[in-house]
Ligand code: TRP
C-alpha cells in the first residue's frame, strides 16, 4: 500500500509547510524592498491567484490521479517522452534544495548566535558565511534533520512534523509582527510596504514577482505532484489548494508587517539583498535590550529555521519518492542516498560567499555589470526561469496531453458539482489558455532579456 496522509488537515499542513519557507520570510521582504515595495507585492498577489492557483490544483490532481512521483506521473498520464519534464523538475528541485539547505543552515546558526546574545552577528555576517566549519556543520545538521523526518515516512514523519511546526510558526510570526507594529518607525515601514508606486513596475519586477509566486507556492518542480500522490480520493483538492494559497500569502504578508517596521524603526535601508535578515535584524534586536533582544532574536531565527525545515522536507521527498516508486529502493536507503548526494551538490553554494573566489564571482549576465555568485545564479535560474517553465509545461501537459476533462474529473472526486462552479470554470480556462499563453510569453521575454541581453519591453 502506498503511504498516505492521514486526513485533510495532514495534507494541508504538509503542503502549507512546503509553501511557507525561506521564500516568505527571508526572500519576500528583500524582493519587496529591492523592487519598489507595494508594486511588487501587488504583482505577486495577482500572479498567485490568476496563474498559480490553477497550476497548484493541477499539480495536486496529477499526483493523486497517477499515484506517483513527478517522473512516473508524467509517464503514466502522458507518454514516456513527458517523463523528461519530470526529470528536469527533479534535477531542478535537487539543485534548489542544495542551496536552500545552506541558507537554512545559516538560519539555524543565527538562532544559536542569538541564544548566545551575540548581536554583532549582523556585522559578522560576511565572516560567518565564509566560515566553512560553521556553514558546513550547520548545513550538515540541517540535512540530517530533513533526512530524519523524511525517513519516518509520509504520515509518521512529514505530516507529523508539519502539524507541530506550522501552528508554532504562525504563532511566532503573529507575535513578532504584533510587537514590531508597536515600534516607532512602524508607520514609515508600512507606508513603504503598502502604498504602491506603479511607475516601478517593469519587466524585471514582473518576472521576479512571477518567479517568486511560483517559488513561494512550491510550484513547478513537482513537489505538489509528489504530495498530491499521498492524498485520499475523497479530499476536496480545490478547498485544500485555496487554504494552502491563503496560508502562504498570509505568512508572506505578515512577514512584511514584521520586517519593515523592524527595519525602519532603526532607520535602516530595505535593500539589503540576501543579507537583509541576517545583517540588519541582529542590530535591531540589540536595541531591544539584552533580555528582550535575545528572546525576540532567538524566536525570529527559530521561526526561520522551522519554516525552512518544512520546505526542505518537501523538496527532499521528490527524489526519495522517485527512488521508492520507480526502483523499489527501501525508503531509508533512498534517504541516505539523497541526503549525501544533495549535501555534496550543495558544496559549491557553501563556498560561494567569499570562501572560493571562483564560485563567489561565478558568472556575469550578458548586459549587466558585475558578477553574481554561484548561489544567486542557481536561485535566479531556478526560481525565475525554471519554475515558471515548469508551470508552463504542467499547464500544456494538462491542456493538451492529459486533457482538461480528466483534470476536472479528478477534482470532482472530492467535490461533485465542481466543474460547474465559477472556480471550476476558471481552473479549466486558466489551465488551457491563460497559463500557457502568459507563462509562455513571460518565459520567452525572460530568456531573451536575462541571458541574451535582448530587450523587447521596457
Ligand atoms: N516554497 C518554499 C519557500 O517559500 C520553497 C520550496 C519548497 C519550493 N519546496 C519547493 C520551491 C518546491 C519550489 C519547488 O521557501
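Numbering (the working numbering), first residue to last: 1 to 458. Even glycine gets a Cβ: it sits at the ideal position worked out from N, Cα and C.
{"query": "Through-space distance from residue 115 to residue 295, alpha-carbon basis", "result": "8 Å"}
{"query": "DSSP bridge partner residues for residue 363 (one or two, in chain order)", "result": "372"}
{"query": "Any non-hydrogen atom of the ligand TRP within 6 Å of residue 23 CB", "result": "yes"}
{"query": "Touching by the beta-carbon criterion (3+ pairs, under 8 Å), the segment 93-106 and the segment 136-155", "result": "yes"}
{"query": "Rounded C-alpha distance that separates residue 25 from residue 39", "result": "18 Å"}
{"query": "Any non-hydrogen atom of the ligand TRP closer than 6 Å to residue 315 Cβ", "result": "yes"}
{"query": "The alpha helix (DSSP H) enclosing residue 169, as first and last residue numbers", "result": "160-180"}
{"query": "Reference residue 390, options 405, 436, 409, 373, closest by Cα", "result": "436"}
{"query": "Residue 216 Cβ short of 6 Å to the ligand TRP heavy atom set", "result": "yes"}
{"query": "Cβ distance (whole Å) where residue 395 is taken to contact residue 58 below 8 Å", "result": "7 Å"}
{"query": "Helix, strand or coil at residue 235 according to DSSP, with G and I counted as helix", "result": "coil"}
{"query": "Any non-hydrogen atom of the ligand TRP within 6 Å of residue 352 CB", "result": "no"}
{"query": "Three-way DSSP call (helix, strand, coil) for residue 144 in this model", "result": "helix"}
{"query": "Beta-carbon contacts of residue 350 that lie in its chain and below 8 Å, excluding the five residues immediately before and after", "result": "102, 132, 135, 136, 139"}
{"query": "Residue 392 versus residue 439: straight-line alpha-carbon distance, rounded", "result": "6 Å"}
{"query": "Beta-carbon contacts of residue 411 that lie in its chain and below 8 Å, excluding the five residues immediately before and after", "result": "57, 61, 237, 238, 418, 419, 424, 427"}
{"query": "Helix, strand or coil at residue 4 according to DSSP, with G and I counted as helix", "result": "coil"}
{"query": "Chain-order list of residues whose beta-carbon lies under 7 Å from that of residue 224 (same chain, five-residue window excluded)", "result": "15, 56, 59, 60, 63, 218"}
{"query": "Residue range of the alpha helix (DSSP H) that includes residue 401", "result": "No alpha helix (DSSP H) contains residue 401, which DSSP labels as neither H nor E."}
{"query": "The segment 279-286 / the segment 27-46 touching (three or more Cβ pairs under 8 Å)", "result": "no"}
{"query": "The ligand TRP heavy atom lying under 6 Å from the CB of residue 145", "result": "no"}
{"query": "Contact under 7 Å by Cβ, residue 230 with residue 3", "result": "yes"}
{"query": "Beta-carbon proximity of residue 188 to residue 285, cut-off 7 Å", "result": "no"}
{"query": "Near the ligand TRP: residue 221 beta-carbon under 6 Å from a heavy atom", "result": "yes"}
{"query": "The ligand TRP heavy atom lying under 6 Å from the CB of residue 73", "result": "no"}
{"query": "Between the CA atoms of residue 364 and residue 414 - distance to the nearest angstrom", "result": "49 Å"}
{"query": "With 16 other Cβ atoms within 10 Å as the buried cut-off, status of residue 311", "result": "buried"}
{"query": "Euclidean distance between Cα positions of residue 316 and residue 94", "result": "8 Å"}
{"query": "Helix, strand or coil at residue 227 [DSSP, three-state]", "result": "helix"}
{"query": "Cβ contact (3+ pairs, closer than 8 Å) linking the segment 168-179 and the segment 251-263", "result": "yes"}
{"query": "Residue 18: CB within 6 Å of a non-hydrogen atom of the ligand TRP", "result": "yes"}
{"query": "Closest residue to residue 406 among 386, 431, 388 (Cα-Cα distance)", "result": "431"}
{"query": "Minimum C-alpha distance to residue 10 - residue among 110, 86, 156", "result": "156"}
{"query": "Residue 212 classed as buried or exposed, judged by whether at least 16 other C-beta atoms fall within 10 angstroms", "result": "buried"}
{"query": "Any non-hydrogen atom of the ligand TRP within 6 Å of residue 311 CB", "result": "yes"}
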